[in-house]
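See below for the structure under consideration.
There are 2 protein chains.
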Amino acid sequence: MANYLQQFKLPDPFVFHRGGTISNAMLAYETWGALNDDQSNAILLLTGLSADSHAASHGPKDTAGWWEFMIGPGKAIDTNQWFVICASSLGSCKGSTGPCSPNPKTNQPYRFDFPDLTIEDIAHSTVLLCQSLGIQQLHTVIGPSMGGMTALALVLNHPGYTRHLIHLASGMASPPFSTAIRSLQREAILKDVNFNEGHYSADAWPEEGMKFARKIGMLSYRSAKEWDERFPRSLKKVPNQAFGTEFPVESYLEHHANQFIHKFDPISYLYLSRSMDWFNGNGYAKSGENPLKDKGLVSALVVGAHTDLLFPVHLQKELHALLLSSDSESELVIVDSIQGHDAFLVDKTTFTELVGRRLNQTMGSVCN
Amino acid sequence: MANYLQQFKLPDPFVFHRGGTISNAMLAYETWGALNDDQSNAILLLTGLSADSHAASHGPKDTAGWWEFMIGPGKAIDTNQWFVICASSLGSCKGSTGPCSPNPKTNQPYRFDFPDLTIEDIAHSTVLLCQSLGIQQLHTVIGPSMGGMTALALVLNHPGYTRHLIHLASGMASPPFSTAIRSLQREAILKDVNFNEGHYSADAWPEEGMKFARKIGMLSYRSAKEWDERFPRSLKKVPNQAFGTEFPVESYLEHHANQFIHKFDPISYLYLSRSMDWFNGNGYAKSGENPLKDKGLVSALVVGAHTDLLFPVHLQKELHALLLSSDSESELVIVDSIQGHDAFLVDKTTFTELVGRRLNQTMGSVCN
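In the order they appear, the protein sequences are chains R and Z. Take 1 as the starting number for the first sequence in this note's numbering and just add one per residue. Take 369 as the starting number for the second sequence in this note's numbering and just add one per residue.
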């Protein structure tokens, strides 16, 4: 994978939406396919909170990416047709600059001296990356989950920069229920004694906090219905201590949380998580006005899942209605996937069909 | 309230469903109304996890109970007609014997030496209480939430002891999603350094664990829809520290969790919480057979709410189907209340109408 990882140096200084600057900042990114002569076949893929730039493998010897089934030659996002760009989010510490990167002024990690990160900053930095690649206008922005918010921030702040939008499992703002879940995740990390106000180290990692945060998050990633099918009612094991792990769902949470602990930087997690709760696309217009009006969007596909607890379907319906009353076409699809918020990562058949069909429908505007 | 609090001494020893015994154990309980001559007007009310015996006031100078709007002269559960009994659950430390009660053998609290508590033990102890009051058969058992499970344990283990069942916001077993939430609540308490393997004290109380457990629980008590209406999207305040309380829903969780910290004993909470995850009414019959067959139940009212995350409506549908295919009448009502699991405590109009109507319908079997 490392062979394909590229770096884009952000302008110096990079100025944040809420104020504050950083120097020597960069984005780690990957691309698939080739940009055509008139740069009309570019797709920007914006990621969820914990994903990185490695959305798909670059060849048979490469490791699989997080959307491997979606992206590649002959796949729904056909890299024989499209030039696809995916960056690790600014602030994510998956190769891009974030709170655990060294502050050039001190040679120590920024930690809480990293400026307040917003979804708008993630959008802005990726627009700069695309422009550096010679792309005057994107054909399509695709954003699932946090990436859907980033896609909206791009449309709102960079009107006309994308013609089409594919918006999956996301919305114009986080509902209070989702903010509550993320708030408890942040609280679990912040109160871990090893977190130590951000001065943790590899030897004293806030493992318990990260683990608990992941478990809380997992309540919202799938659906109660999927868990009903996954876990039988019969008890699995006798715990070896009072109130030890006993129920199948407990083992499941424990296993997945343990896998996550060292995969993500704790402060990065806090910054990205909060940026989702801060984002409010509706705040871009006065009450009663349409924030998406005159943003140059030609068409949108908005997809939600009935079982999504984190971004429930009323958010996709709200976005679809805003798009319809703006100057954009819009198609709303609410899918029956039982995988909840994660459906876009798991329900391959449904999502490849939807994304593939939409790209084929809008391909007319590509000049090959 | 204390004037009306009565004590029932359990048989010595009291033998638990999963083994183990306790001595000198008692239940704290309250009653309303008068038992009629042939003991045919007795209603047993079984409580949710955190409620106590004080379901309603006993007069104008008494404090309000947790179901004040439901119980009293002229109310839906009309105490001019009915004799109502409500006990604090065995194990709950709201006056009844539980893990924080002194073990007569050591004069120290039982802590983890308290036997494994099951929903069946709570049901059994309340049946013994009712029998001690001279009640050969209950007219109706009413159980919301954990109380609904206790009511089912009563029907399954004490066939014929109640003629009617009113089952609210509960089910034959806990779905994995609810078990996961309760497991995380237990984990939050267990990992608090002040919990100290059960050897906490009033001076070193596991406040953080209890607070975090309550916050996690609150994710499941109401509904995302109710929170959408309760909390505006606009931000409320600037936090006074990095990642301090900022969003309205955070203040709400913080406020309610702080109120709960000292209202419940941590080990009692663990025991009662686990008993809900252990309960499996379906385990009373071989696969494919109906565990509720021949249990002597005449009729049941089963109520659920579309917005209940903890006991979703498929559980009430399952129970209703089991009742219909047993020898009982059953009516299923799924209400549109937006208050989620808490609807029975909050949606007064809907629940007083349902409970009142059902009691009036079945009153024919009372001999006044």
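Ideal Cβ placement from N, Cα and C applies to all residues, glycine included.
Check: Going by the beta-carbon positions, is the gap between Leu683(Z) and Ala541(Z) smaller than 9 angstroms?
Finding: yes
Note to self: Can you check whether the C-beta of Gly672(Z) is within less than 9 angstroms of a C-beta belonging to chain A?
What the structure shows: The chain labelled as chain A is not found among the protein chains of the depicted structure, namely R and Z.
Next item on the list: Please name the residue, chosen from Ala123(R), Pro11(R) and Ser287(R), that lies closest to Ala87(R) on a Cα-to-Cα basis.
Entry: Ala123(R)
Check: Secondary structure at Asn3(R), three-state DSSP: helix, strand or coil?
Finding: helix
Next item on the list: Starting from Ser273(R), follow the alpha helix (DSSP H) in both directions and report where the run begins and ends.
Entry: Pro266 to Trp278
Next item on the list: Check whether the region 69 to 80 of chain R touches the region 101 to 117 of chain R, taking contact to mean three or more Cβ pairs, one atom from each stretch, closer than 8 angstroms.
Entry: no
Notebook entry, point to check: Are Ala34(R) and Gln7(R) closer than 9 angstroms when you measure CB to CB?
Noted result: no
Notebook entry, point to check: On the three-state DSSP scale, how would you describe Arg233(R)?
Noted result: coil
Check: Who are the near neighbours of Arg163(R) in its chain, counting only those whose CB is closer than 8 angstroms to its CB and skipping five residues on each side?
Finding: Gln137, Leu138, His139, Thr140, Gly296, Leu297, Val298, Ser299, Thr362 and Ser365
Item checked: Own chain residues within Cβ distance below 8 angstroms of Leu690(Z), not counting five before or after -> Met540, Asn658, Pro659 and Leu660
Next item on the list: Report the rounded CA-to-CA distance for Gly708(Z) versus Gln627(Z), giving the unit in angstroms.
Entry: 21 angstroms
Notebook entry, point to check: Whose Cβ in chain Z lies nearer than 9 angstroms to the Cβ of Ile394(R)?
Noted result: For chain R, the structure presents residues 1 to 368; residue 394(R) sits outside this window and is missing.
Margin query: Distance cutoff 9 angstroms, beta carbons only. Does Ser546(Z) sit that close to anything in chain R?
Written below: yes
Check: Which residues in the same chain as Asn392(Z) place their Cβ atom closer than 7 angstroms to its Cβ, once the five residues preceding and following it in sequence are excluded?
Finding: Asp380 and Pro472
Checklist line | Segment limits, beta strand (DSSP E) that includes Arg531(Z) | finding: Thr530 to Leu536
Margin query: Can you check whether the C-beta of Ile142(R) is within less than 9 angstroms of a C-beta belonging to chain Z?
Written below: no
Next item on the list: Look at the alpha carbon of Met1(R) and the alpha carbon of Ser57(R), and state the distance between them as a whole number of angstroms.
Entry: The predicted position of Met1(R) is uncertain, since its pLDDT is 45 and thus under 50; a value taken from the coordinates is nonetheless stated next. If I take the Cα positions, the gap works out to 7 angstroms.
Check: Who are Met394(Z)'s beta bridge partners in DSSP?
Finding: Lys377(Z)
Item checked: Helix, strand or coil at Ile189(R) according to DSSP, with G and I counted as helix -> helix
Margin query: Less than 6 angstroms between C-beta atoms, sequence neighbours within five positions excluded: which residues of the same chain meet that for Met644(Z)?
Written below: Met514 and Ser542
Check: Comparing the C-beta of Arg598(Z) with each C-beta of chain R, is any distance below 9 angstroms?
Finding: yes
Next item on the list: For Leu156(R), I'd like the list of residues in its chain whose CB is within less than 7 angstroms of its CB, leaving aside the five on either flank, ordered along the chain.
Entry: Gly281, Tyr284, Pro291 and Lys295
Margin query: If we define contact as Cβ-Cβ less than 9 angstroms, is Trp434(Z) a contact residue for chain R?
Written below: no
Notebook entry, point to check: Per DSSP, which one or two residues make a beta bridge with Gly72(R)?
Noted result: Asp78(R)
Next item on the list: List the residues that DSSP assigns as beta-bridge partners of Phe83(R).
Entry: Ala42(R)
Note to self: Going by C-alpha to C-alpha distance, which of Pro428(Z), Asp704(Z) and Ile635(Z) sits closest to Ala581(Z)?
What the structure shows: Ile635(Z)
Item checked: DSSP three-state assignment for Asn384(R), whether helix, strand or coil -> Since the first residue of chain R shown is 1 and the last is 368, residue 384(R) is not available in this structure.
Check: If contact means a Cβ-Cβ distance below 8 angstroms, which residues of the region 256 to 279 of chain R contact chain Z?
Finding: Leu270, Arg274, Asp277 and Trp278
Checklist line | Residue-chain proximity (Trp573(Z), chain R), Cβ-Cβ < 9 angstroms | finding: no
Check: Which chain R residues sit within Cβ distance under 9 angstroms of Phe480(Z)?
Finding: Ala242 and Phe243
Check: Is Leu219(R) near Leu309(R), with beta carbons less than 9 angstroms apart?
Finding: yes
Checklist line | Close-in-space but distant-in-sequence residues of the same chain around Asp37(R) (CB under 7 angstroms, 5 per side omitted) | finding: none
Checklist line | Gly511(Z) versus Leu687(Z): straight-line alpha-carbon distance, rounded | finding: 14 angstroms
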